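First residue of the sequence shown? That's 915 in this note's numbering, and the numbers climb one at a time after it. This report refers to the structure that appears directly beneath it.
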Amino acid sequence: MAELRKDPILGDCVIVAPERAARPFDYGQHGAAASAICPFCKGNETATPEAVLTIPNDDSTDEWAVRVIPNRYPAVASSAPELSTADHFKRTPAVGYHDVIIESPLHEHATQSLPTAQIARVMRAWRERLAVVSSDDSIAHTMIFKNEGIAAGASLEHVHSQLLATSFTPPEIEAKLAAGKKHFDQTEKNAWSEMLARELADGSRIVAVTDQYILHCPFASRFPGQMCLYPTAPLPGFEATSDGDLTLLAKLLKTALKSLNDVFPNAPFNLGLHTAPPRDSRRSSYRWHLMITPRLTGIAGFEIGSGSWINVVPPEDAAARFRDTIR
Ligand SMILES: [Zn+2]
């Protein structure tokens, strides 16, 4: 059973989930016979837990286009017995939700090769599951993420993303919420609105802009080629995105991932959807965003030891290369 351990000095939570060590690995092992063996392929639904949500194709109601299932090797569990909460070494059950979003009935490997309408259906599944798990009072934080490629942490090659909802807010999100609130208290302005206005005026790190969304390489990118996608409107939660905007967002995400693949062919990457925690009082000064982090370089001793980052590619150079592939 997964448990939460609080660092006795820092207070940060670590999820200890030994069951996840048993999860299968199939990258590059299926070849042409993939659809016969892969548990995520259409026809093999009995090899996975029952779906908690399916999104159908537009033209047929009985065939699923996106299928959401509980993770068979979860990092958190929906219920758990009490553990020792005694004194210094505090252990509590890691409760929450851990979904797998199967992004295609076909054995595709890459989100960027899915049609825009299919990426929009995936995002509909994200939105609907985020709304469901956020209504559970025990949930403090929700995140959608994706590991594409072995170096990004993927264990199954069939294109998929995951939802992890936890009873605690992770330190990175906590720091962003606190910074947004502090900025608003001091200036009565939204930190992200100000930052994006300056990015647009400068232009050197902008990759693409539409009426609804901005894609840029962050000024202090931690990884080479890191991109971030924001709504132009000051929206704290992704869950409020309309169907029409999901289609526009899907189009821009596909553009971003195709551009990433053009500049860094077959680059493994992580995608993280950071949406405001459902019950946090600082929500209104937050802005949801999609972070795309290519994994071209490893995380080494300095990063592991310090939590600080060394990036060998200036974000302005990365943005210029991405822009060139989109033109
Ligand atoms: Zn498959």
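Built from N, CA and C at the ideal position, the CB exists for glycine as well. The model shown is predicted, which means the values in this text are computed figures rather than measured ones.
For Pro-1145, the closest of Leu-1129, Asp-1157, Ser-1135, Gly-1158 by C-alpha to C-alpha distance is Leu-1129.
The closest heavy atom of ligand 1 lies less than 7 Å from the beta carbon of His-1021. For Ser-1048, the uninterrupted alpha helix (DSSP H) segment begins and ends at 1030-1048. Burial check for Glu-1113: the Cβ neighbour count within 10 Å reaches 16 or more, so the residue is buried. Here the distance from the Cβ of Ala-948 to the nearest heavy atom of ligand 1 is below 7 Å. In the three-state scheme derived from DSSP, where H, G and I count as helix and E and B as strand, Gly-1158 is classed as helix.
DSSP places Ser-949 in the uninterrupted alpha helix (DSSP H) bounded by 948-951. By DSSP's assignment, Asp-976 forms no beta bridge with any residue. Cα atoms of Gly-1063 and Thr-1101: separation of roughly 42 Å, rounded to the nearest angstrom. The DSSP-derived three-state label of Ile-923 is coil. In the three-state reduction of the DSSP assignment, Gly-1219 falls in the helix class. In the structure shown, the three-state DSSP call for His-1023 is coil. Between the region 954-971 and the region 1019-1027, the count of Cβ pairs shorter than 8 Å is three or higher; the stretches touch. Distances taken from the Cβ of His-1074 to the heavy atoms of ligand 1 include none shorter than 7 Å.
As for any beta strand (DSSP E) of minimum length 3 sitting wholly inside the region 1136-1218, the runs are 1141-1145, 1183-1188, 1203-1208, ordered along the chain. The straight-line gap separating the alpha-carbon atoms of Ala-1024 and His-1072 is approximately 8 Å.
Taking the CA atoms as reference points, Ala-991 sits about 6 Å from Tyr-1011.
Rounded to the nearest angstrom, the Cβ distance from Pro-1132 to Gln-1140 is 6 Å, consistent with a contact under 8 Å.
Here the C-alpha atom of Ala-1147 lies approximately 10 Å from the C-alpha atom of Trp-1106. In the DSSP assignment, Gln-1076 falls outside any alpha helix (DSSP H) and within the unbroken beta strand (DSSP E) covering 1074-1080.
Setting aside the 5 residues that flank it on each side, Thr-1169 is surrounded in the same chain by Ala-1122, Ile-1240, each with a C-beta closer than 7 Å to its C-beta; the list follows chain order. Shortest gap from the CB of Phe-939 to any heavy atom of ligand 1: 7 Å or more. With contact defined as three or more Cβ pairs closer than 8 Å, the region 1178-1196 and the region 1216-1227 are not in contact. Annotated three-state conformation of His-1002 is coil, per DSSP. In terms of Cα proximity to Glu-1230, the closest of His-1055, Gly-1117, Asp-1159 is Gly-1117. In this structure, the beta-carbon distance from Ser-1199 to Asn-1104 falls below 8 Å. Approximately 7 Å separates the beta-carbon atoms of Ser-1075 and Val-1036; this is inside 8 Å, confirming the contact. Look at Leu-967 here: in three-state DSSP terms it is strand.
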